[in-house]
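To start, the structure under review is shown below, and the notes come after it.
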Amino acid sequence: LIGEAQPPAGKLAFCGRLLDYAERLGIREVYTFAAMADEVSLRSPPRVFGVATHSDGRDKLRGAGVPILTSGRIAGLNGVLLGVAGQRGFQGLGLLGEMPALVTPVPFAKASAAVLEAFQRLSGIQIELQELEEYGRSVENQLAEVIDDLQKRVRRQMESAQEESEPPEPEAKATPPALTEADRRRLEELFTQAGRERSKTFELKRELDRLGVFGEYEDRFLNLFRKPPE
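According to this note's numbering, the sequence shown is numbered sequentially starting from 27.
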């Protein structure tokens with residue numbers, strides 16, 4: 027079961043119906059995949075942690091080299107489904123891929139690939155991961171460019187604030203390039219798309235840089251990372 031959204035209510039009933047269907051198919055083992063935000067570097071290899079509803083599952087995780095998560099909770103359907111599965115006698119296993127907290131609004135394919143690689147070891151099911159891994163590297167490189175650019179801007183602002191000299195004579199601000207109506211429409215479309223799908227932020231950043239107007243839209247761009255996708 028794969029989806030970009032979860033039902034806002036009725037999660038228990040939803041999980042019950044899902045397990046009813048699994049039961050009719052003779053399925054007795056349930057896996058869930060989730061992300062786990064942590065203070066790690068963007069370039070760090072993502073670790074995968076596991077949880078289990080039964081002792082056999084914990085042994086299985088250890089045998090596959092997956093560390094067991096000892097604290098915290100799993101939010102949303104990923105946690106509810108495991109709980110309901112355990113109550114109904116299913117063997118439930120949850121895998122959580124570590125990702126940098128800074129980029130939680132963006133789908134982080136590198137962590138997804140790490141989770142699926144662990145799932146292969148646990149289940150014996152082989153999955154072709156090359157395309158996902160290549161996409162993960164591409165996303166990582168684009169995120170690194172965005173983060174590096176933002177960090178440079180923050181450093182410049184901090185250095186400017188720490189200067190202890192007399193205020194300089196006001197300088198005329200450079201006039202940002204004039205945008206055509208078509209350019210503005212294109213930017214608005216990209217902002218709307220990025221609000222729904224965070225991977226579009228890369229395309230938006232490139233377009234803002236190409237037009238030379240990132241400074242004009244900087245606050246609005248940063249706000250995309252401060253709120254959940256629509």
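Here a beta-carbon is modelled for each residue, glycine too, at the ideal position from N, C-alpha and C.
Inset, instruction - Can you give me the Cβ contacts of S67 inside the same chain, cut-off strictly under 8 Å, excluding the 5 residues immediately before and after it? - result: Excluding positions up to five away in sequence, the list reads P126.
Inset, instruction - Determine the burial state of V180: buried for a count of at least 16 other Cβ atoms within 10 Å of its Cβ, exposed for fewer. - result: With fewer than 16 Cβ atoms within 10 Å of its Cβ, V180 is classed as exposed.
Legend entry - Euclidean distance between Cα positions of E171 and Q177: 10 Å
Inset, instruction - Indicate whether the contact test is met: 3 or more Cβ pairs, each with one atom in the stretch 159-170 and one in the stretch 132-145, closer than 8 Å. - result: yes
Legend entry - Close beta carbons around S225, own chain, < 8 Å, minus the five adjacent residues each side: V132, P133 and V165
Legend entry - Contacting residues, own chain, Cβ-Cβ under 6 Å from G118 (five flanking each side not counted): Taken in chain order, the residues that qualify are V56, T79, L108, A111 and G112.
Legend entry - Same chain, Cβ closer than 6 Å to L122, five either side skipped, listed in chain order: Taken in chain order, the residues that qualify are A60, M62 and F75.
Legend entry - Strand pairing of I94, partner residues [DSSP]: G76
Inset, instruction - Determine the extent of the beta strand (DSSP E) in which F59 is found, giving its start and end residues. - result: In the DSSP assignment, F59 falls within the beta strand (DSSP E) that extends over E55 to D64.
Legend entry - Contact test: L87 Cβ vs the ligand SAH heavy atom, cutoff 7 Å: The ligand content of the structure shown is nil, which means the ligand SAH is not present either.
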